[in-house]
Structure formats: C-alpha cells, structure tokens
Amino acid sequence: MEYLIILIICTIGGFAAGMTSFGYAIICMVLMPLFVSVKTATLVTLTTSFVIYMVILYGSIIKMKVRLSISMIMIPMLGSLVGRFMGNRLFQNLTNLQLVLLLCVFMVLLNIYFFAFSNGFYLKKNNKNALIAGTICGLFGGLNNVGGPPMVAYMYSVEQDRIKYTSYLQIIFLVGALYSLQYHIRLGNITHDILSYTLVGGVGVALGTYAGYKYFKVINKEKLTVYIRNFIFVTSVVLIIKTVVDIL
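Counting along the sequence shown from 1, when you hit position 119 you're at 1228 in the numbering used here, and nothing is skipped either side.
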C-alpha cells in the first residue's frame, strides 16, 4: 500500500512541478510524512526530484534551445550550496520529531508567504537578493527539500521569459540536489528501502512531470498557484494536527 501511495503522491507533485516549475517537494513533504517518517520522505523526495530536473531541462535547453546567462545563476547557486551545507547537517543531527516540528513551522510560514504575495510581488535584481534567496533555498532544501519558494520569488521577479525562468530554477535546484545526494550517499542514508521507493516514485514523477510540462505554455500560472496554495493550506493543517496527536 505504501508503494501505491508514494506513486500517487509523486505523480501529483510531478504534475504540479511540470506546470509551475516548483511545488513538487512541497506537495511530497506535506503528504508523505502522513504515511512514512519525515527522514524517509525527505530522502525519497530528493532522489525522485532528479527526474523533474531532467525532463524540464531537456525540454527547455535541448528541444527549445533556449540561451541562458551564467551570471544569472552563479550568485544564487553559491548561496544555495552554502545553505545546503548547513541544512544537510541539521537534517543528520535532528530527530524525526524535531524535523516534523520544523516542517510544520515552515509550512505555516509558507502559507503566510503565499497569502502575503497573492497579489504579486517584486524583488530587485541584485547580488544581495540573489545570495539571500539562494542561501535560504539551500538551507531548507538541505533540511527538508522545501526550499523552492525564496528562489522562485527572486527568479519570478527578475526573469520575464517563462522558459528561461524555469530553466534557471531547475539548474539551481539540480546542483543543490546533487550536493545533498552525495552527502547522503557518503553517510549511508540511501538505503535499500529508499531506493525501492525511488524506483516507484520515479515512475510517477516522470508521468506527472511530462503531463504537466505539456500544459506549461497554456496554463494560467496565477490560477494554478491559487489551487496549490489552498491545497498546501489544507494539507498543512492535517500534518500539524497529526503531529500534535502523535506528541500527545
């Protein structure tokens, strides 16, 4: 039953990510901890996310031959790697309960973020904002994979071309995820169970991402963001209630 649940969750997350360039880890980290431990959910989300990066980057860079600027990603990528270094070590040293509590806090902040910027937002294009966004992205990416929103907020503000916007995001996420992956491999965190979940989840991610990316050019991104925001709010409440019940 757990494998079927992982498959469904990864498919839903992949579909959302294919259309919006983010949201996969958010959906997975809200739903998976209801069925498996937070550490397992974090590692499975990490390993399956590579499918998304490959599908989207293949579509934008290889098929559409989009030209990218290295200067756009160097500063946020540097910040992301610094943040990943800190986040991965927190992940390794915290207990499952502590990770759940941190995840709940982050989900509350994430909901505040979505509602606060529901009418739009703008960040100036400069090295300071790029570094801050990248570092926060990497910190929470290393801790629980849910580090996308700060980087999305920055790139959404400074890059108007939708194809370039999603390409920059996926490259930064990919490099950060590679760093986290080698860290967990070295520490022996990628177990047989994690690999089994990854194989099943990877199929769901591939199907979901491919289907979502097909709608990337025609979907109303603002409308979909509202759906995702409301979904995250409801599921976050469920996760928090479950955590409180488990503690009591």
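In this text, a Cβ means the ideal position worked out from N, Cα and C, and glycines have one as well.
Note that the structure is a prediction, hence the values are computed from the model and not measured.
Around the beta-carbon of residue 1128, 16 or more other beta-carbon atoms lie within 10 Å, marking it buried. Residue 1125 places its beta carbon less than 8 Å from that of residue 1133.
For residue 1144, the number of other beta carbons within 10 angstroms of its own is below 16, and it is reported as exposed. With respect to the 8 Å criterion, residue 1310 and residue 1157 are classified as neighbours on the basis of their beta carbons. When DSSP states are grouped into helix, strand and coil, residue 1146 belongs to the coil group.
Rounded to the nearest whole angstrom, the CA to CA distance from residue 1300 to residue 1169 is 33 Å. In chain order, 1247, 1250, 1251, 1285, 1288, 1289 place their CB closer than 7 Å to the CB of residue 1193, counting only its own chain and leaving out the 5 sequence neighbours on each side.
Of the candidates 1114, 1255, 1274, 1254, the residue whose Cα lies closest to the Cα of residue 1263 is 1274. In the three-state scheme derived from DSSP, where H, G and I count as helix and E and B as strand, residue 1176 is classed as coil. Here the C-alpha atom of residue 1140 lies approximately 19 Å from the C-alpha atom of residue 1221. Looking from the CA of residue 1176, the closest CA among 1282, 1312, 1277, 1117 belongs to 1277.
In the structure shown, residue 1152 adopts helical secondary structure according to DSSP, grouped into three states. Per DSSP, reduced to three states, the secondary structure at residue 1297 is coil, with no helix or strand assignment. Sequence-distant partners of residue 1238 (beyond 5 residues in either direction) whose C-beta falls short of 7 Å from its own C-beta, in its chain, are 1232, 1263. Residue environment analysis places residue 1207 among the exposed positions, since fewer than 16 neighbouring C-beta atoms fall within 10 angstroms of its C-beta. For residue 1255, the closest alpha carbon among the candidates 1271, 1121, 1185, 1131 is that of 1131.
Under the criterion of beta carbons closer than 8 Å, residue 1281 and residue 1182 qualify as touching, at roughly 6 Å.
Inclusion of residue 1315 and residue 1153 in the CB contact set at 8 Å is not warranted, their separation being larger than that value. Pairing residue 1118 with residue 1174, the inter-Cα distance amounts to about 31 Å.
Residues of the same chain with a CB within less than 6 Å of the CB of residue 1243, apart from the 5 flanking positions on each side, are 1185, 1188, 1189 in chain order. Annotated three-state conformation of residue 1157 is helix, per DSSP.
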